[in-house]
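K.L.:
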Amino acid sequence: MKKQPMEGHAIASSHGIVIGQVQKLNVGSPKIPEYVLNAKDVNREQQRLEQARYAALQELNVEYEYLLQLKQQEPVLILDAHRMLLKDPEFIAYPKILIQHEYMNAEWALKQQIENIAATFDRMHDSYLRSKRLDIEQVGERLMRHLLACPFQADIQPHTLPVVVIAQDVSPADMMTLWRSGVAGMICEQGSLNAHAMIMARGIGMPALMGVEMDLASVEDGMLVILDAERDYWKLCPNEDEQRAYQRFMDAFAVVRKGLMRFASKASLSQDKVALPLYANIDCQDELSFAMQVGAESIGLCRTEFVFLHHRREPTEDEQFKHYLQMLQSAVGLEITFRLLDIGGDKPMLFRKISGHDYQADNPNLGLRGVRLLLAAPHILETQLRALLRASQYGKIRVLVPMVTQSEEMEQVHRLMMRCCEDLNIEPVPLGCMIEVPAAVMMADDLASVSDFFAIGSNDLTQYTFAADRGDEEVACYYQDAHPIILNMIERVVKAGHKQGLTVCVCGELAANPDCTQAFLDMGMDALSMSLHSILPIRQCLSQLQRAKD
1 MKKQPMEGHA IASSHGIVIG QVQKLNVGSP KIPEYVLNAK DVNREQQRLE QARYAALQEL
61 NVEYEYLLQL KQQEPVLILD AHRMLLKDPE FIAYPKILIQ HEYMNAEWAL KQQIENIAAT
121 FDRMHDSYLR SKRLDIEQVG ERLMRHLLAC PFQADIQPHT LPVVVIAQDV SPADMMTLWR
181 SGVAGMICEQ GSLNAHAMIM ARGIGMPALM GVEMDLASVE DGMLVILDAE RDYWKLCPNE
241 DEQRAYQRFM DAFAVVRKGL MRFASKASLS QDKVALPLYA NIDCQDELSF AMQVGAESIG
301 LCRTEFVFLH HRREPTEDEQ FKHYLQMLQS AVGLEITFRL LDIGGDKPML FRKISGHDYQ
361 ADNPNLGLRG VRLLLAAPHI LETQLRALLR ASQYGKIRVL VPMVTQSEEM EQVHRLMMRC
421 CEDLNIEPVP LGCMIEVPAA VMMADDLASV SDFFAIGSND LTQYTFAADR GDEEVACYYQ
481 DAHPIILNMI ERVVKAGHKQ GLTVCVCGEL AANPDCTQAF LDMGMDALSM SLHSILPIRQ
541 CLSQLQRAKD
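Numbering-wise (our numbering), the sequence shown opens with residue 1 and increments by one.
Dropping the structure here:
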């Protein structure tokens, strides 16, 4: 019997189109045994739990080390959080108590722990903390599968076409395993734009769709599927005409992408020759070569968290200096804007490792993060500033201060930088203010008087303006980064900066939105900084626009 086509739209992760064959990932929920132990078996059962924890951790370590080689910061942080949970003996302390005092078997004891934690998270009012429930469940499920002797395996069957996995949900680590096993694309029922699995898909460059509405029971292995992450579309069982049409589209798309390369050597100019330079957002040294290939005119945002991920402790001044120096040498004359370390209560494991503080905020997005952390732990700030200043002797750099909410914060960082300059006998470098909260927008005039340049972080600015976590699918519809309110706020910052002679750049995802390029051109934005793959399409878009006449 011929299968009826199914199709729909969903949330796309990264760029790419796949015509392939389906393989369902039937993870399901394993049956959890429940039985009473004999007293003599308690120690053995606790050891079995420890052995499962060790095996699960080793499994995660494999994917973590592979991601470190890829130098993808956000996916690394996600897996590191999972690893830290498994490394913490407290994660299985309660199940061990149940084993010892209630004579409960390890699987059932772990189930009680996971359910208790999930219930606690569900009662929390903060959407960010509620979203952490999934991390706990995924780590718990991984541990449970090792207890049951059925760890996750990417059992990908041979197909004549690329394999597209369809599943209800998948953990970030399992997505990594699938990708390394040759899977070309992923379709999931669950997930949102900034779910951890989606971030992983973007990091490894796998086309993926999340939040798909389909009848999984009617999907069979081997079915033909179109996964279009360019147009947020999927279709099962396309007919031959549709397949040919899509193949033509894929061929045309490849030609367009290839044609975009002619813009790599062009200046970022509008049709009427107004300059709007396009900068690159990067995490690590390896991305610099591609930044130059696509003609990035500067590195508008270099995140420095990756430097800290490679160390079990806070990296020394010399270790940081070496890293920044290598980046400047690879940049071959490009100016690099280094953002100071931006972590906090939203990344508690990394926070604790670097700062030495055992800090757990009830609402981490409103807690000790960004410049607040740096000022609370000044040894971290001073070490990083000294390393950056030393590196500035070998190339052009600027320093960007994250999550500023008061002009006094900029003044404190500036005073410390000047002390470092005096001690090192080095000239100061431009010190910029990251505008990413509504308060900073409202006090942009004051902040301009204590800053050398502005960089607007549109992602956080949108989240804080609409009080909507873009990673929480329950409120993701409220996250509207191209809303007129956001554009008005950005224009206000541009005017405040220009009034005092500052350059202003947008660094968030909004910079890569072609629907907003005209607005940025009209308001006199000085530069846009974006992901590497967005530079050429936006440069092409800009070349077709004209600035509105006053």
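Glycine residues also receive a C-beta, built at the ideal position from the N, C-alpha and C atoms. Only a predicted model underlies this, so the values are computations on that prediction, with no experimental measurement involved.
1) Look at the alpha carbon of D515 and the alpha carbon of H533, and state the distance between them as a whole number of angstroms.
2) Among residues of its own chain, excluding the 5 on either side of I166, which ones have a beta-carbon nearer than 6 angstroms to its beta-carbon?
3) So which of E137, M530 and Y324 has the shortest CA-CA distance to R398?
4) Give a yes or no on whether the C-beta atoms belonging to I114 and P172 are separated by under 8 angstroms.
5) What residue range does the alpha helix (DSSP H) around Y94 cover?
6) Determine whether the beta carbon atoms of R145 and P30 lie at a separation below 8 angstroms.
7) When we look at the beta-carbon of D346 and count the other beta-carbons within 10 Å, is it buried (16 or more) or exposed?
8) Quick check on the DSSP output: the alpha helix (DSSP H) that includes D228 runs from which residue to which?
9) Nearest CA to the CA of S449: which residue from L416, K235, C477 and E411?
10) In the DSSP assignment, find the unbroken alpha helix (DSSP H) run with R133 in it and report its ends.
11) In the DSSP output, which residue or residues are listed as bridge partners for S529?
12) My output table needs one value for L461: the three-state DSSP class, helix, strand or coil.
13) Could you please give the first and the last residue of the uninterrupted beta strand (DSSP E) stretch that includes Q9?
14) Our contact map puts S451 next to L431 with C-beta atoms below 8 angstroms; I'd like the distance itself, whole angstroms only.
15) Does the region 235-255 touch the region 104-118, meaning 3 or more C-beta pairs lie closer than 8 angstroms?
16) Which of helix, strand or coil does DSSP assign to A327?
17) Could you name each continuous beta strand (DSSP E) segment of 3 residues or more that falls completely within the region 439-525, going from the start of the chain to the end?
18) To the nearest angstrom, report how far apart D318 and F338 are at their CA atoms.
19) Is the region 255-262 touching the region 497-514 in the sense that three or more CB pairs, one from each, lie closer than 8 angstroms?
20) For V245, which option in S392, D460 and I226 has the closest C-alpha, if you only look at C-alpha atoms?
21) I'd like to confirm the pairing. Which residues does DSSP put opposite M210 in its beta bridges?
22) Note down, in chain order, each residue of its chain lying with its Cβ closer than 7 angstroms to the Cβ of V404, except the 5 sequence neighbours on either side.
23) For W234, which beta-bridge partners are listed by DSSP?
24) Give a yes or no on whether the C-beta atoms belonging to S268 and L542 are separated by under 8 angstroms.
25) Have a look at E59 and A208 and give me their C-alpha separation to the nearest angstrom.
26) If we call anything under 8 angstroms between Cβ atoms a contact, is L341 one with I299?
27) I need the boundaries of the alpha helix (DSSP H) containing A291, first residue and last residue.
28) Helix, strand or coil, according to DSSP, for V40 in the structure here?
29) According to DSSP, simplified to helix, strand and coil, what is Q21?
30) Between which residues of its own chain and R386 is the CB-CB distance below 6 angstroms, once the five residues before and five after are set aside?
31) Classify V437 as helix, strand or coil using the three-state DSSP reduction.
32) Rank M489, L487 and F466 by C-alpha distance to the C-alpha of Y478 and give the top, closest one.
33) I need the straight-line Cα distance from S392 to V307, nearest angstrom please.
34) Along the chain, where does the beta strand (DSSP E) that runs through L400 open and close?
35) How big is the Cα-Cα spacing for T304 and V401?
36) Is it buried or exposed for C150, if we count other Cβ within 10 angstroms and need 16 for buried?
P.N.:
A quick look at the data gives this:
1) Here residue 515 is taken as the residue at index 515 of the sequence shown, counted from 1. Here residue 533 is taken as the residue at index 533 of the sequence shown, counted from 1. Cα to Cα, the separation comes out at about 17 angstroms.
2) On the sequence shown, position 166 is the one that residue 166 refers to. Within the same chain, I166 has close Cβ partners V22, K24, I187 and V219.
3) Start at 1 with the first residue of the sequence shown, and residue 398 comes out as number 398. The shortest C-alpha separation from R398 is found at Y324.
4) As a position in the sequence shown, residue 114 is number 114, starting the count at 1. As a position in the sequence shown, residue 172 is number 172, starting the count at 1. Not closer than 8 angstroms, so no.
5) Sequence index remark: in the sequence shown, residue 94 carries index 94 (1-based). Going by DSSP, Y94 is part of the alpha helix (DSSP H) stretching over A93 to E102.
6) Residue numbering aside, residue 145 sits at position 145 when the sequence shown is read from its first letter. Residue numbering aside, residue 30 sits at position 30 when the sequence shown is read from its first letter. Yes, Cβ-Cβ distance for R145 and P30 is below 8 angstroms.
7) Reading the sequence shown from its first residue, position 346 is the one you call residue 346. Bear in mind that the predicted position of D346 carries a pLDDT of just 49, short of 50, making it too unreliable to give a figure here.
8) Counting from one through the sequence shown, the residue named residue 228 turns up at place 228. Where D228 is concerned, there is no enclosing alpha helix (DSSP H), although the beta strand (DSSP E) it sits in stretches over L224 to D228.
9) The residue you call residue 449 lines up with position 449 of the sequence shown. S449 has its Cα closest to that of E411, out of L416, K235, C477 and E411.
10) As a first step, residue 133 is located in the sequence shown; it is residue number 133 there, counting from the start. Note, R133: alpha helix (DSSP H), R133 to L147.
11) For the purposes of this step, residue 529 is taken as residue 529 along the sequence shown, with counting starting at 1. According to DSSP, which records beta bridges pairwise, S529 is partnered with Y279.
12) Residue numbering aside, residue 461 sits at position 461 when the sequence shown is read from its first letter. L461 falls in the helix class under three-state DSSP.
13) Translated into positions along the sequence shown, residue 9 becomes position 9. The displayed chain sequence assigns His, not Gln, to residue 9. Taken as a continuous stretch (DSSP letters only), the beta strand (DSSP E) holding H9 covers M6 to H9.
14) Looking up residue 451 in the sequence shown gives position 451. Looking up residue 431 in the sequence shown gives position 431. Confirmed, about 7 angstroms.
15) no
16) Counting from 1 along the sequence shown, the entry for residue 327 is found at position 327. In the sequence under discussion, the amino acid at residue 327 is Met, which differs from the Ala named in the question. M327: helix per DSSP, three-state reduction.
17) 453-456 and 503-506
18) In the sequence shown, residue 318 corresponds to position 318, counting from 1. In the sequence shown, residue 338 corresponds to position 338, counting from 1. Looking at the two C-alpha atoms, the distance is approximately 17 angstroms.
19) no
20) Here the question's residue 245 lines up with position 245 in the sequence shown. One detail in the question is off: residue 245 reads as Ala in this sequence, not Val. The option with the nearest alpha carbon to A245 is I226.
21) The count along the sequence shown starts at 1 and reaches residue 210 at position 210. Looking at the DSSP assignment, M210 forms a beta bridge with I11.
22) If you number the sequence shown from 1, residue 404 lands on position 404. Answer for V404: V371, M410, C433, M434, A440 and L447, listed in chain order.
23) Position 234 of the sequence shown holds residue 234. Partner(s): G8 and L227.
24) Taking the first residue of the sequence shown as 1, we reach residue 268 at position 268. Taking the first residue of the sequence shown as 1, we reach residue 542 at position 542. A contact, by the Cβ cut-off of 8 angstroms.
25) On the sequence shown, position 59 is the one that residue 59 refers to. On the sequence shown, position 208 is the one that residue 208 refers to. When rounded, the distance between both Cα atoms is 23 angstroms.
26) Walking along the sequence shown from the start, residue 341 turns up at place 341. Walking along the sequence shown from the start, residue 299 turns up at place 299. In this structure, the beta-carbon distance from L341 to I299 does not fall below 8 angstroms.
27) Here the question's residue 291 lines up with position 291 in the sequence shown. Its alpha helix (DSSP H) spans residues L288 to Q293.
28) One-based indexing of the sequence shown puts residue 40 at position 40. Sequence check: residue 40 is Lys here, not Val. Of the three classes helix, strand and coil, the one that applies to K40 here is helix, per DSSP.
29) Reading the sequence shown from its first residue, position 21 is the one you call residue 21. Residue state, collapsed to three classes: strand.
30) Against the sequence shown, residue 386 aligns to sequence position 386. Contacts found: E317 and C420.
31) For the purposes of this step, residue 437 is taken as residue 437 along the sequence shown, with counting starting at 1. Looking at V437 - three-state DSSP - the assignment turns out to be coil, as it is neither helix nor strand.
32) Taking the first residue of the sequence shown as 1, we reach residue 478 at position 478. Answer by Cα proximity: F466.
33) The residue labelled residue 392 in the question sits at position 392 within the sequence shown. The residue labelled residue 307 in the question sits at position 307 within the sequence shown. If you take the alpha carbons of S392 and V307, they lie about 17 angstroms apart.
34) Within the sequence shown, residue 400 is the residue found at index 400, counting from 1. Where L400 is concerned, the enclosing beta strand (DSSP E) stretches over I397 to V401.
35) Indexing the sequence shown from 1 puts residue 304 at position 304. Indexing the sequence shown from 1 puts residue 401 at position 401. The straight-line gap from Cα to Cα measures roughly 12 angstroms.
36) Within the sequence shown, the letter at position 150 stands for residue 150. C150 is exposed by the Cβ-count criterion.
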